[in-house]
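First up is the structure itself, then whatever we jot down about it.
Number of protein chains: 2
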Amino acid sequence: MTYSIGIDIGGTNTDIGLVSSEGRCVARKNLPTAKYYDADLYVADICKKIREMMAEQHVDAIDGIGIAAPMGNYYTGCIDNATNLNFRGVTDLNALVHKYMDVPVTVSNDANAAAYGELVYGGAKGMKSFITFTLGTGVGSGIVIDGKLLHGKTGNAGELGHVIMIPGGRLCGCGRKGCLETYVSATGIRRTALEMLEQHPDYDGPLSKIPKEELTSKDVGDAANAGDPLAIKIFELTGEGLGVAMANAVAFSSPEAIFLMGGPVKAGEVLMRPVRESFKKHLCFVYENSVEIRVSELSGNEAAILGAAALTKAK
Amino acid sequence: MTYSIGIDIGGTNTDIGLVSSEGRCVARKNLPTAKYYDADLYVADICKKIREMMAEQHVDAIDGIGIAAPMGNYYTGCIDNATNLNFRGVTDLNALVHKYMDVPVTVSNDANAAAYGELVYGGAKGMKSFITFTLGTGVGSGIVIDGKLLHGKTGNAGELGHVIMIPGGRLCGCGRKGCLETYVSATGIRRTALEMLEQHPDYDGPLSKIPKEELTSKDVGDAANAGDPLAIKIFELTGEGLGVAMANAVAFSSPEAIFLMGGPVKAGEVLMRPVRESFKKHLCFVYENSVEIRVSELSGNEAAILGAAALTKAK
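From first to last, the protein sequence lines are chains C and P. Under the numbering used here, the letters of the first sequence match residues 43 to 357, in that order. Under the numbering used here, the letters of the second sequence match residues 43 to 357, in that order.
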């Protein structure tokens with residue numbers, strides 16, 4: 043058995059896990075990302091936590107460190123101007139880790155790490171070609187072709203959350219209009235819910251009881267699963283849009299499977315049924331019955347760490 | 043110097059070319075595809091033409107035969123149920139050629155062949171990652187990643203003409219609605235022109251002089267280049283749509299370049315200016331200045347044969 047380290051850098055928290063070659067996270071520690079203003083000090087503390095974990099678990103050596111970070115760049119090993127971190131400009135994670143530890147470091151963004159986690163430890167084991175969509179605050183995606191994660195010229199291939207679905211549609215955080223993530227992310231689902239509530243002032247179901255500023259996609263999922271027709275309709279619209287985006291992605295790479303993950307997917311069939319129906323309806327006939335639609339097999343709790351650890355196996 | 047054969051199978055005509063390793067088409071012959079109802083006889087006659095060309099040009103040996111065919115499948119070497127050919131069902135080109143000649147045969151569709159032609163003989167020489175859009179009766183596309191043509195699970199990766207741009211939009215030949223090719227193919231431009239003429243009954247420019255059933259995208263291009271405001275507007279709408287599709291494709295593979303080819307592209311800046319403007323406007327900021335927009339360097343007349351011949355170099 044060998045071990046590697048997976049690090050999931052979020053704006054608030056940094057999760058660090060010691061992962062066995064079987065894909066088991068045998069130990070976890072974390073750091074409050076937001077409290078650090080100096081990247082060198084931050085990385086020094088990460089490396090200290092890694093050494094502590096290794097000592098506690100009697101692990102003498104690790105294969106490598108995989109880091110999933112917002113705007114993490116696979117080619118440079120840097121975080122490029124992430125807007126939700128206190129470290130300004132470019133943070134060279136690869137160089138900083140090597141000040142403290144002599145092991146290979148692989149950096150990428152969280153959506154790519156999720157795809158690699160699925161390939162190495164999850165439902166995509168042995169697949170040559172698949173796509174993942176992670177529904178969260180935004181929509182992340184990872185594309186695997188010929189068994190390798192697609193990075194492209196810039197290192198930023200696979201930003202399917204920013205495919206324009208409705209020209210002139212909803213304003214996106216990226217400054218453009220109509221991006222997929224404005225409709226089908228957790229935040230997009232919330233936006234759809236607020237629009238629908240405005241259009242149906244007489245509605246008095248469970249969603250009307252929640253203050254508008256507190257309403258989340260999870261509330262919509264719970265209401266849909268309790269049979270609320272408005273919540274069901276919101277998930278139908280979401281599934282319709284996601285199904286079109288998935289069919290379009292198939293026309294690009296003709297993958298074996300598409301994996302969905304993230305909070306809204308946990309709502310289950312109230313989302314997955316309209317997703318599958320829309321996908322089937324919008325898929326070009328040449329791809330009929332060639333693509334499996336799957337929910338990620340990695341548990342949400344550990345998926346990010348497993349994905350980051352899987353990056354150490356990246357080719 | 044070595045030689046290979048490029049064959050471009052169209053519904054009406056089959057073009058056969060003898061291509062040097064430098065990318066020069068040194069001889070051409072053709073056959074009337076539509077007159078053949080027996081695939082074996084058809085392939086026998088193709089092989090006869092190849093032997094004649096080789097004898098006339100004093101070429102003793104060829105590296106291989108590349109065939110670009112509607113619904114040509116790279117994995118199987120077959121044509122799968124092409125609707126515009128008289129041969130019904132599956133035509134096993136690979137097996138049929140081997141009845142008459144003992145050389146490697148590579149089959150793909152015409153859009154993939156065009157991309158490979160650009161890579162081997164055209165402006166994409168040395169590139170690792172690019173996308174081509176061929177505007178014709180439909181819209182074909184070819185995607186190169188890591189220096190290889192993308193085929194995907196089915197062999198039909200890269201059907202970007204059938205990406206849904208406007209959900210619920212124009213009816214497409216594939217049976218769905220809003221596909222890219224219903225807007226930006228030569229046929230799509232004609233549809234836009236007919237819609238615009240209907241919306242502007244007082245218009246008396248050059249397009250109003252052409253009987254509606256005869257109006258082509260070439261007429262629109264000629265009128266736009268002569269300064270006709272309605273024709274210019276038609277190409278602006280076309281360029282706007284194509285630019286969005288190109289920006290979306292970049293969010294998938296982050297290529298080094300996008301190449302445009304086909305009839306409407308010959309209209310020049312009246313199309314290319316709005317294409318570039320829309321592409322720039324709709325490109326996600328992470329890809330800014332990373333993608334070249336280019337017109338194919340292969341001459342339209344020989345592009346199909348060169349592309350087919352280039353398939354023999356496919357990895």
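The C-beta atom is built at its ideal place from N, Cα and C for all residues, glycine as well.
Item, Value
"Alpha carbon to alpha carbon, how far is residue 97 (chain C) from residue 176 (chain C)? Give it in angstroms, no decimals.", "34 Å"
"Extract the residue ranges of the beta strand (DSSP E) inside the segment 281-355 of chain C, only unbroken runs of 3 or more that lie entirely within it.", "299-304 and 334-337"
"Excluding the 5 residues flanking residue 73 (chain C) on each side, which residues of the same chain have their C-beta closer than 8 Å to its C-beta?", "55, 56, 58, 84, 87, 88 and 91"
"Could you tell me which chain P residues have their CB closer than 8 Å to the CB of residue 327 (chain C), listed as they occur along the chain?", "216 and 217"
"Could you run through the segment 185-207 of chain C and flag, in chain order, every residue whose CB is less than 9 Å away from some CB of chain P?", "185, 187, 188, 190, 192, 193, 194, 195, 196, 197, 198, 199, 200, 201, 202, 203, 204, 205, 206 and 207"
"Give me the chain C residues within the contact set of residue 155 (chain P), using Cβ-Cβ distance strictly less than 9 Å, ordered along the chain.", "Under the 9 Å cutoff, chain C gives no residues; its nearest Cβ is about 17 Å from residue 155 (chain P)."
"Would you call the segment 321-330 of chain C and the segment 146-165 of chain C in contact, with 3 or more CB pairs under 8 Å?", "no"
"Since I believe residue 115 (chain P) is in contact with residue 105 (chain P) (beta carbons under 8 Å), could you give me their beta-carbon distance rounded to a whole number of angstroms?", "At roughly 21 Å, the Cβ-Cβ gap does not stay under 8 Å, so residue 105 (chain P) and residue 115 (chain P) are not in contact."
"Mind listing the chain P neighbours of residue 290 (chain C)? Cutoff is C-beta to C-beta under 8 Å, in chain order.", "205, 206 and 290"
"Using a beta-carbon distance cut-off of less than 7 Å, what residues from the segment 292-309 of chain C approach chain P?", "293, 294, 295, 296, 297 and 298"
"On the CB-based measure, 16 or more other CB atoms within 10 Å of its CB, does residue 218 (chain C) come out buried or exposed?", "buried"
"Assuming the contact rule is C-beta atoms closer than 8 Å, residue 170 (chain P) and residue 184 (chain P) should be a hit. Round their C-beta distance to whole Å, please.", "About 14 Å separates the two Cβ atoms, so there is no contact after all."
"Give a yes or no on contact between the segment 311-326 of chain P and the segment 283-301 of chain P, applying the rule of three or more CB pairs nearer than 8 Å.", "yes"
"Against chain C, does residue 132 (chain P) count as a neighbour if the rule is that its beta carbon must be under 8 Å from one of theirs?", "no"
"State yes or no: is the beta carbon of residue 209 (chain P) nearer than 8 Å to at least one beta carbon in chain C?", "yes"
"With which residues is residue 120 (chain P) paired in a DSSP beta bridge?", "P:115 and P:134"
"Please classify residue 174 (chain P) as buried or exposed, where buried requires at least 16 other C-beta atoms within 10 Å of its C-beta.", "buried"
"With 9 Å as the limit, tell me which residues of the segment 139-169 of chain C have their beta carbon closer than that to any beta carbon of chain P; keep them in chain order.", "none"
"Residue 103 (chain C) to residue 172 (chain C), Cα distance in whole Å?", "32 Å"
"Along the chain, where does the beta strand (DSSP E) containing residue 67 (chain C) start, and where does it finish?", "67-73"
"Could you check if residue 255 (chain P) is buried or exposed, using at least 16 other CB atoms within 10 Å of its CB as the buried criterion?", "exposed"
"According to a CB-to-CB cut-off of less than 9 Å, which residues of the segment 312-339 of chain P neighbour chain C?", "323, 324, 325, 326, 327, 328, 329, 332 and 333"
"Residue 181 (chain C): which of C:205, C:187, C:239 and C:193 sits nearest, CA to CA?", "C:205"
"For residue 227 (chain P), would you say it is in contact with chain C, using Cβ-to-Cβ distances shorter than 8 Å as the test?", "no"
"Using three-state DSSP, classify residue 276 (chain P) as helix, strand or coil.", "helix"
"Is it the case that the Cβ atoms of residue 228 (chain P) and residue 259 (chain P) are separated by a distance below 8 Å?", "yes"
"State the DSSP-derived secondary structure class of residue 110 (chain C), mapped to helix, strand or coil.", "strand"
"Identify each residue in the segment 48-69 of chain P for which the Cβ-Cβ distance to at least one residue of chain C is less than 7 Å, and report them in chain order.", "none"
"What separation, rounded to the nearest whole angstrom, lies between the Cα atoms of residue 295 (chain P) and residue 243 (chain C)?", "44 Å"
"With 8 Å as the threshold, decide whether the Cβ of residue 341 (chain P) is near any Cβ in chain C.", "no"
"Under 6 Å Cβ to Cβ from residue 302 (chain C), same chain only, skipping five residues before and after it: list those, please.", "175 and 337"
"Residue range of the beta strand (DSSP E) that residue 383 (chain C) falls in?", "With chain C covering only 43 through 357, there is no way to say anything about residue 383 (chain C)."
"Do you know how far the Cα of residue 239 (chain C) is from the Cα of residue 245 (chain C)?", "7 Å"
"Buried or exposed, going by whether 16 or more other CB atoms sit within 10 Å of the CB of residue 163 (chain C)?", "buried"
"Name the DSSP beta bridge partners of residue 214 (chain C), please?", "According to DSSP, residue 214 (chain C) bridges with nothing at all."
"May I ask you to report which of helix, strand or coil DSSP gives residue 259 (chain P)?", "helix"
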